[in-house]
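**Student:** All residue numbers for the sequence shown refer to the working numbering, where the first residue is 7 and numbers rise by one.
For every residue, glycine included, the Cβ atom is placed at its ideal position computed from N, Cα and C.
This structure is in structure tokens; I'll ask about it shortly.
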Amino acid sequence: MSTAQVAPSRTSADLDQLCINTIRTLSIDAVQQAKSGHPGTPMGLAPLVYTIWNRVMRFDPQDPIWPNRDRFVLSNGHASMLLWSALHLTKTQAVNAEYEKLGEPSVTLEDIRHFRQLNSKAAGHPEYHWVSGVETTTGPLGQGVATSVGMAIAQKWLAAHYNKPGFEIFDYNLYAVCGDGCMMEGIASEAASLAAHLGLDNLCWVYDNNHITIEGNTRIAFTEDVATRFLGYGWNVLRVGDANDTDRIEHALEVFRKTKGRPTFIILDSHIGYGSPHRQDTADAHGEPLGEEEVRLTKRNYGWPEDAKFLVPDGVYEHFDAGIGVRGAAARQRWTERFVAYKAAYPELAAQIEQMQRRELPTDWDRNLHVFPADSKGMAGRDASGKVLNVLAQNIPWFLGGSADLGPSNKTRLTFDGAGDLQADTPGGKNLHYGIREHAMGAIVNGLSLSKLRPFGATFFIFSDYARPAIRLSAIMELPSLFVFTHDAMGDGEDGPTHQPVEHLASLRAIPGLVTLRPADANEVVEAYRYVMQLRHKPAVLALSRQPLPTLDRNKYASASGVARGAYVLADAPGGNPEVILIASGSEVSLAVEAHETLLAEGIRSRVVSMPSWDIFDLQPQEYRDSVLPPKVKARVAVEQASTFGWERYVGTSGHVIGMKTFGASAPLKELQRKFGFEPDGVAAAAKEQLRRK
Ligand SMILES: Cc1ncc(C[n+]2csc(CCOP(=O)(O)OP(=O)(O)O)c2C)c(N)n1
Ligand SMILES: [Mg+2]
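Written out as structure tokens, the structure reads:
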């Protein structure tokens with residue numbers, strides 16, 4: 007049915023209400039059917055989502071990856087039915103991982119009928135890589151809003167680099183919806199503070215001020231003045247007193263779009279479970295189905311057929327089509343024409359945009375990467391990293407990043423001409439200053455990455471803990487986010503146990519899909535970067551040393567290109583028939599090499615395996631893995647200045663692990679190495695002990 011056929015019998019306001027109630031009832035029915043999920047918030051926020059999508063957002067459902075689309079983030083991810091309804095009713099199209107349109111809807115009514123069931127696109131929470139039209143995975147409260155700050159920084163960065171007079175290639179806005187939970191989580195505060203500092207006037211958060219969380223009314227734990235807090239950050243704070251008033255919502259969103267120099271925060275007073283006679287304004291509306299009888303009563307309240315399930319009344323699809331459909335298609339059409347002309351005028355810039363969208367790298371992206379000569383004094387991992395970062399950021403125009411206030415220690419500063427600082431008045435800078443906000447940094451890196459830039463964030467390895475939830479999400483989302491963590495072990499000895507990572511490698515290695523690399527010398531650092539830059543759908547963590555590590559003589563030992571296989575034979579017994587294997591990563595590799603030389607001199611056939619990455623090694627064919635760690639050689643010693651947790655998988659139950667079983671201590675590194683057994687003699691002795699027991 008066309009819009010023209012529907013319109014005469016109903017006013018536009020009727021149709022608005024019909025669409026809003028469709029979102030509500032789809033959500034109610036889906037949760038009821040699944041016997042699991044959150045009906046109340048979609049019931050309260052349906053008018054908001056309707057207004058953003060159908061009246062305001064510049065988004066073409068026919069092409070959900072159009073680069074200049076407005077982005078919508080549902081930070082209160084438990085209200086996922088809002089998003090599934092919006093994607094379904096707008097007939098947003100599916101796109102695959104290779105950015106090809108599949109000619110099918112992203113979310114079908116069948117998916118909604120199977121809400122929260124295996125293989126349904128309507129999953130429990132919005133999942134980025136799984137459903138087209140989901141801009142970021144949400145569920146852990148606070149992550150969505152923090153990620154939206156990264157997206158907003160990215161928009162400004164892209165505009166600064168690619169917009170030209172007469173060619174507004176990037177001028178999109180970011181809308182994030184959040185609830186009390188997001189407001190309480192610290193990450194939101196970190197991100198909000200930075201967003202205002204950077205004057206992100208392309209960013210609008212709408213706060214669902216419904217006074218309800220799981221345990222009841224927010225008065226039990228959350229009584230601060232949120233408006234004053236955001237005014238303090240420097241946001242433009244607006245209030246809409248009635249979540250059902252779509253005109254007021256639309257007006258507030260208009261004020262947002264006209265506001266320059268600061269982000270906008272809209273406090274929306276709403277009622278969770280709106281329209282449910284016994285559940286409205288109660289915590290029960292948050293997390294459980296309404297129940298059959300209450301569903302009926304609620305539908306009666308909405309003037310909805312009481313027994314209808316998953317009903318999309320005539321005129322609803324058409325009304326969305328006439329709203330977001332027409333507006334989005336026209337906007338994309340105009341942009342596409344603009345881009346054709348832009349391509350003619352600025353072919354190189356246009357080519358960059360196209361490569362970036364496909365997550366490709368420019369040709370010669372790895373030119374001028376260093377080859378470090380052998381040097382027994384060597385170089386710290388962080389110093390080698392700093393040199394490599396400066397090459398990569400020049401070769402890859404959209405590579406950028408920074409540190410959480412530890413740039414001088416992380417050696418992450420990009421120092422070449424034109425790199426610049428990213429600030430409110432210089433949004434195209436390549437050096438970000440996240441401030442001491444590791445958690446928001448992780449989410450912002452993800453937001454930049456979702457916007458197709460190649461970003462990195464840095465801090466001490468110990469503080470990866472402060473960013474871990476965002477790192478985990480980068481892995482779930484399959485984003486090529488890069489985390490550069492220095493001071494990877496006890497290298498900052500005197501700082502003591504609060505600053506010495508122990509369990510961090512094990513903990514990050516346990517995250518599925520995350521590549522964790524701990525390079526052994528300057529050339530391994532180069533190869534580690536070469537590997538991670540080629541990842542299109544995986545995040546990576548680099549754990550780098552603070553202290554100098556000898557640069558190994560690659561004429562004598564194997565090439566560092568073995569890093570690309572996760573582990574490789576660095577030094578071997580004559581003839582390649584070892585009786586004992588020493589496995590190490592990072593700073594302990596040179597230690598293992600020293601022990602190896604001693605053992606060789608004593609006639610013991612040892613092999614050294616440098617193992618910068620478990621994750622990459624585990625991806626290699628069995629044949630390769632067996633060639634590096636021959637199954638018949640049971641005498642094995644692993645050395646790593648980190649928790650011993652998990653090393654059995656490489657040394658076997660009879661092997662020996664020299665690692666950390668306690669926290670470290672405050673003392674000069676040399677003394678710590680002695681105290682905790684990280685000395686060549688100890689490694690050699692462990693190898694001999696292994697052989698004796700054989
Ligand atoms: C980091 C995090 N902690 C806890 C939860 C579990 N959780 C899901 S929803 C929720 C309550 C959220 O309240 P609010 O944001 O006000 O949402 P509303 O009930 O109003 O929809 C909690 C605690 C979570 N998803 N993420
Ligand atoms: Mg709430």
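What is the DSSP secondary structure of Asp427, reduced to helix, strand or coil?
**Tutor:** One-based indexing of the sequence shown puts residue 427 at position 421. Of the three classes helix, strand and coil, the one that applies to Asp427 here is strand, per DSSP.
**Student:** Check for me: the beta strand (DSSP E) holding Gly589 runs from which residue to which?
**Tutor:** In the sequence shown, residue 589 corresponds to position 583, counting from 1. What sits at residue 589 in the sequence shown is Ile, not Gly. Residues 586-590.
**Student:** Considering Cα atoms alone, identify which of Thr557, Arg254, Val508, Glu196 is closest to Ile450.
**Tutor:** As a first step, residue 450 must be located in the sequence shown, where it is residue number 444. Taking only the C-alpha atoms, the option nearest Ile450 is Glu196.
**Student:** By the 10 Å Cβ neighbour count, where 16 or more other Cβ atoms means buried, how is Phe78 classified, buried or exposed?
**Tutor:** Taking the first residue of the sequence shown as 1, we reach residue 78 at position 72. Label assigned to Phe78: buried.
**Student:** Give me the pocket residues for ligand 2, defined as CB within less than 7 Å of any heavy atom, sorted by chain position.
**Tutor:** Gly185, Asp186, Gly187, Asp214, Asn216, His217, Ile218, Thr219, Thr224, Ile278
**Student:** Name, in chain order, the residues that DSSP records as bridge partners for Met385.
**Tutor:** Taking the sequence shown and counting its residues from 1, one reaches residue 385 at position 379. Partner(s): Leu555.
**Student:** Is the separation between the beta-carbon of Gly247 and that of Asp287 shorter than 8 Å?
**Tutor:** In the sequence shown, counting from the first residue as 1, residue 247 sits at position 241. In the sequence shown, counting from the first residue as 1, residue 287 sits at position 281. Not closer than 8 Å, so no.
**Student:** Contact between the region 582-593 and the region 644-660 is defined here as three or more beta-carbon pairs at a separation below 8 Å; is this criterion met?
**Tutor:** yes
**Student:** Is there contact between the region 43-62 and the region 84-100, where contact requires at least three CB pairs shorter than 8 Å?
**Tutor:** Contact holds: three or more Cβ-Cβ distances are below 8 Å.
**Student:** Got a sec, what are the start and stop residues for the beta strand (DSSP E) Gln99 sits in?
**Tutor:** Numbered from its first residue, the sequence shown carries residue 99 at position 93. Looking at the DSSP string, the run of the beta strand (DSSP E) that includes Gln99 is 99-101.
**Student:** Give the secondary structure of Val246 by DSSP, where H, G and I count as helix, E and B as strand, and everything else as coil.
**Tutor:** Position 240 of the sequence shown, counting from 1, holds the residue named residue 246. Correct three-state label for Val246: strand.
**Student:** Ligand 1 and Gly148: does any heavy atom of the ligand fall closer than 7 Å to the residue's C-beta?
**Tutor:** On the sequence shown, residue 148 is found 142 positions in, with the first residue counted as 1. Checking every heavy atom of ligand 1 against the Cβ of Gly148, one is found closer than 7 Å.
**Student:** For Ala35, tell me which candidate among Phe176, Arg560, Ile118 has the shortest Cα-Cα distance.
**Tutor:** The residue given as residue 35 occupies position 29 in the sequence shown. One detail in the question is off: residue 35 reads as Asp in this sequence, not Ala. It is Ile118.
**Student:** Could you tell me whether the region 196-205 touches the region 176-183, using the rule of 3 or more Cβ pairs below 8 Å?
**Tutor:** no
**Student:** Compute every distance between the C-beta of Ala129 and the non-hydrogen atoms of ligand 1, then say whether any falls below 7 Å.
**Tutor:** In the sequence shown, residue 129 corresponds to position 123, counting from 1. Answer for Ala129: no, Cβ out of range of ligand 1.
**Student:** Count the other CB atoms within 10 Å of the CB of Asp231; is the residue buried (16 or more) or exposed (fewer)?
**Tutor:** In the sequence shown, residue 231 corresponds to position 225, counting from 1. That one is exposed.
**Student:** Look at the Cβ atom of Gly281, then the Cβ atom of Thr304, and state whether they are nearer than 8 Å.
**Tutor:** Within the sequence shown, numbered from 1, the residue matching residue 281 stands at position 275. Within the sequence shown, numbered from 1, the residue matching residue 304 stands at position 298. Cβ distance < 8 Å, so Gly281 and Thr304 count as in contact.
**Student:** For the region 375-390 against the region 99-118, do three or more pairs of beta-carbon atoms, one drawn from each stretch, fall closer than 8 Å, so that the two count as touching?
**Tutor:** no
**Student:** Within this structure, are the beta carbons of Val643 and Ala564 separated by less than 8 Å?
**Tutor:** Counting from 1 along the sequence shown, the entry for residue 643 is found at position 637. Counting from 1 along the sequence shown, the entry for residue 564 is found at position 558. Against a cut-off of 8 Å, the Cβ pair of Ala564 and Val643 comes out as no contact.
**Student:** Per DSSP, which one or two residues make a beta bridge with Asp214?
**Tutor:** Here the question's residue 214 lines up with position 208 in the sequence shown. DSSP, once it has assigned bridges, lists Leu274 as partnering Asp214.
**Student:** Specify, as a first and last residue, the run of the beta strand (DSSP E) that His662 falls within.
**Tutor:** Locating residue 662 in the sequence shown gives position 656, where the first residue counts as 1. From DSSP, the beta strand (DSSP E) with His662 extends over 662-666.
**Student:** Three or more beta-carbon pairs under 8 Å between the region 384-393 and the region 515-528, yes or no?
**Tutor:** yes
**Student:** May I have the straight-line CA-CA distance separating Thr659 from Lys638, to the nearest angstrom?
**Tutor:** Sequence index remark: in the sequence shown, residue 659 carries index 653 (1-based). Sequence index remark: in the sequence shown, residue 638 carries index 632 (1-based). Going by the C-alpha atoms only, they are around 14 Å apart.
**Student:** Closer than 8 Å is the cut-off here; do at least three beta carbon pairs connect the region 361-369 with the region 387-397?
**Tutor:** no
**Student:** Could you check what DSSP says for Thr17 in three-state terms: helix, strand or coil?
**Tutor:** Translated into positions along the sequence shown, residue 17 becomes position 11. Coil at Thr17, not helix or strand.
**Student:** Among the candidates Lys170, Val155, Ser86, Ala160, whose CA atom is the shortest distance from the CA of Val137?
**Tutor:** Residue mapping note: residue 137 aligns to position 131 of the sequence shown, counting from 1. Ranking Lys170, Val155, Ser86, Ala160 by Cα distance to Val137 puts Ser86 first.
**Student:** Confirm the yes/no value for this check: CB of His445, any heavy atom of ligand 1, distance under 7 Å.
**Tutor:** Numbered from its first residue, the sequence shown carries residue 445 at position 439. Result no, Cβ not under 7 Å from ligand 1.
**Student:** Are the Cβ atoms of Ala641 and Leu697 separated by less than 8 Å?
**Tutor:** For the purposes of this step, residue 641 is taken as residue 635 along the sequence shown, with counting starting at 1. For the purposes of this step, residue 697 is taken as residue 691 along the sequence shown, with counting starting at 1. Yes, these two residues count as a Cβ contact at 8 Å.
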